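Some notes on the structure that comes next.
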Amino acid sequence: MKLIADLTSKTNDILYTYILVALLVGVGIYYTYRIKFGQMTKLGHMIGLLREVNQKPDGTRGISSFEAFCISAASRIGTGNIAGVAAAIAAGGPGAIFWMWVIAIIGGATSFIESTLAQVYKVKDPDGTFRGGPAYYIEQVLGKRWLGLVFSVIISITFGFMFNAIQANTISSAVSNSIKINTTIIGAGIVILTGIVIFGGVRRIADISSKIVPIMATIYMAVALFVVFKNIAEVPRMFALIIQNAFGMKAVVGGGIGAAIMNGVRRGLFSNEAGMGSVPNAAATADTSHPAKQGFVQSLGVYLDTLLVCSATAFIVLLAGEAVYTNPELKGVMITQTALSQHVGSWAVGFLAICILLFSFSSIIGNYYYGESNIEFIGGGKTMLTAYRCLVLVMVFLGSIGDFSIVWDTGDIWMGVMAIINLVVIVLIGNVAVETYFDYVKQLKEGKDPVFDPKKIKSIKTKLDYWE
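Be aware that the sequence shown starts at 16, since it is given in our numbering, and climbs by one per residue.
This is the structure:
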């Protein structure tokens, strides 16, 4: 087991230090330039798009931009925001937070491109819902179904099995530490709740996500703001510490600038998923008049996840002092629990357990949907989908009762492979999304509610399933 752990750790170091950092930053900067910083200048417009309600001509309601946003946010906002951020600070020092912010800001452009592509190349199911994502645009644009299948298998295993085991393990650990319930009982409860949701289809997943995500994010942010105001005199020193550590101006226990960058990028990618190729699967579900609308909405999701929720955890941990995040006896979520208890008292352990329960449960159903969309791409039919759902529930249960520490590193590897495939693909076909962006902005300046006409996009060379 030690040999496997060492191998996965070294593979991760190579993957994130020498390959993914360059790709993520390079692609993010490239598309930030191509869309003229649109992921930042259109922030107000992004927020406004969340209010759109999609009413179909027959009176039925499709999945709105907000609901598709919540499906992706459900996957984004989870263990990475509480345990992952604390682990990044412990391993890379406070400077890791700065690099999380950098990845989020430029990642907003990457997220716009991949989510817009997912909308352009989405397909319609018989029940009127939509699905899409990297596997779909890989097949339709590049004509390489085999590569789409490879991506589908990786994302289905990584999110449906590995990451859901991690989320379930986090729920189980937090709840059992808080109220001392046997992990087998906790696991059974998670399985029952998960089964009710995932066997209800994408409509139920969207409904549940749109209810859980806003509530949990608001409550958690409110507590973090309380901690910040309580320690307002220490806030300037905290920001100075983050900047100094980010550029190696001050030595830290977690390591120098290299450790800060690597851990910031790795945990930032795990949390906000920009460029990874997972979020486009949720983006494709939205029933909207123009693909760029969902591209903007998903860019906003990156900021919500990293600049708000991840930062909230970072501030809670850093304001508690170095003794907390450098304590070798504290790992992951325990760092955040200890830090919050120091700020607000012992009730914080129970409160954080509830937050983790909501954060991680929403991630489980969001992660599951990414797998479902790709199982349908593989073409397994209802039998394979039912088998996949059952295996997801098995992994959720095993994650609840087992030690899944090694799954973190294994999940990071597969996440990295997914990101590499997707990033290379969107560089090759991203002109479609860039043209779509400028078509949308042009209509917006004309005072219109933009409507998509694929004939205006010169880069589109194939027949589209939905838009034509």
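The beta carbon of each residue, even a glycine, is placed where N, CA and C say it ideally should be.
Quantities reported herein were computed from a predicted structural model and do not represent experimental measurements.
| Query | Result |
| --- | --- |
| Threonine 241 - DSSP class collapsed to helix/strand/coil | Per the sequence shown, residue 241 should be read as phenylalanine rather than threonine. Phenylalanine 241 falls in the helix class under three-state DSSP. |
| Contact check, tyrosine 481 vs lysine 137, beta carbons under 7 Å | yes |
| Test item: CB-CB of serine 314 and serine 126 under 7 Å | yes |
| 7 Å CB neighbourhood of aspartate 468 in its chain, flanking five on each side removed | none |
| Alpha helix (DSSP H) segments (min. 4 residues) lying fully within the segment 363-433 | 396-416 |
| Cβ neighbour criterion (16 or more within 10 Å) applied to serine 361 | exposed |
| Inter-residue spacing [alpha-carbon to alpha-carbon] between methionine 291 and valine 42 | 12 Å |
| Contacting residues, own chain, Cβ-Cβ under 6 Å from tyrosine 340 (five flanking each side not counted) | Ile104, Ala105, Val332, Ile350 |
| Contact set for glycine 438: own chain, Cβ-Cβ below 6 Å, skip 5 residues either direction | Correcting the residue type first, residue 438 is leucine in the shown sequence and not glycine. So the list reads Leu38, Val42, Gly290, once near-sequence residues are dropped. |
| Under the three-state DSSP convention, the category arginine 252 falls into | helix |
| Assigned secondary structure, lysine 139 (DSSP; H/G/I helix, E/B strand, else coil) | strand |
| Beta bridge counterpart(s) of phenylalanine 178 as assigned by DSSP | Looking at the DSSP assignment, phenylalanine 178 forms no beta bridge with any residue, so it has no partner. |
| Residue environment, methionine 399, which counts as buried when at least 16 other CB atoms sit within 10 Å | exposed |
| Segment contact, 8 Å Cβ cut-off, at least three pairs: the segment 152-159 with the segment 382-389 | no |
| Where glutamine 70 falls, given that 16 or more other Cβ within 10 Å makes a residue buried | Any reading at glutamine 70 must be qualified, since the residue scores a pLDDT of 48, below 50, and its modelled position is unreliable; no value is offered. |
| Contact check, threonine 131 vs threonine 477, beta carbons under 7 Å | no |
| Proximal residues to alanine 448 (C-beta, below 6 Å), its chain only, five neighbours per side dropped | Ile128, Thr131, Leu132 |
| Simplified DSSP state of arginine 66, which is helix, strand or coil | coil |
| beta-carbon glycine 365 near the ligand ADP non-hydrogen atom, thresh 6 Å | Absent from the structure shown: the ligand ADP. Ligands present: none. |
| Straight-line Cα distance separating asparagine 389 from valine 168 | 7 Å |
| For isoleucine 205 and isoleucine 186, believed in contact at Cβ under 8 Å, the rounded distance | 6 Å |
| Of the residues Lys471, Ile276, Val317, the one placed nearest alanine 85, counting alpha carbons only | Strictly speaking, residue 85 in this sequence is cysteine, with alanine absent from that position. The shortest Cα separation from cysteine 85 among Lys471, Ile276, Val317 belongs to Val317. |
| contact_flag[the segment 305-312, the segment 225-242] where n(CB pairs < 8 Å) is 3 or more | no |
| Valine 442 to isoleucine 44 span [Cα, whole Å] | 12 Å |
| Through-space distance from isoleucine 200 to glycine 210, alpha-carbon basis | 15 Å |
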